[in-house]
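**Q** In this note's numbering, the protein residues as written are 204 to 325.
Where is the CB? At the ideal position from N, CA and C, for every residue including glycine.
This one's a predicted model, so the numbers in the text were calculated from it and none came from an experiment.
Handing you this structure, nothing more for now.
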């Protein structure tokens, strides 16, 4: 129900996406600075439900040899373009997640009615 509402109301969707992007901005510097060793040897990362890509952009900037993919719903990624070592993939995490060395799950809100649901294998 929540996701259907967000997808159906562009104004609310923009507010929601902006709030999530600001949240990412608050912790991105801490993640790349204090969590630097967690990225050792990681060549590719997918930020699942990564919104507009603020976290992925911060990681990609700190680790330019890494390719970061942001996976989110099509209406979230509308108008965003790949740039540098950050690319965007529109999709549903409950259907498929792009292959990568590491998966980042920063904040996930539950999808009603999917208790115990596991994404299909790649």
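1. Would you tell me roughly how many angstroms separate the C-alpha atoms of residue 297 and residue 231, rounded to the nearest one?
2. Considering only their Cβ atoms, is the gap separating residue 259 from residue 273 smaller than 8 Å?
3. Taking all protein chains shown into account, do 16 or more other C-beta atoms lie within 10 angstroms of the C-beta of residue 248, making it buried, or fewer, making it exposed?
4. May I ask you to verify whether the segment 283-299 touches the segment 221-231, counting CB pairs closer than 8 Å and requiring at least 3?
5. Please report the straight-line C-alpha distance between residue 308 and residue 295, rounded to a whole angstrom.
6. Excluding the 5 residues flanking residue 246 on each side, which residues of the same chain have their C-beta closer than 8 Å to its C-beta?
7. Just the C-alpha distance for residue 254 and residue 221, rounded to the nearest angstrom, thanks.
8. Which residues does DSSP list as the beta-bridge partners of residue 208?
9. Please determine, among 239, 252, 257, 278, the residue with the shortest C-alpha to C-alpha distance to residue 266.
10. Measure from the alpha carbon of residue 299 to the alpha carbon of each residue in 280, 216, 257, 276, then state which is nearest.
11. Go ahead and pull the three-state DSSP assignment for residue 246.
**A** Looking at the coordinates:
1. 25 Å
2. yes
3. buried
4. no
5. 14 Å
6. 268, 269, 270, 304
7. 9 Å
8. Looking at the DSSP assignment, residue 208 forms no beta bridge with any residue, so it has no partner.
9. 239
10. 276
11. coil
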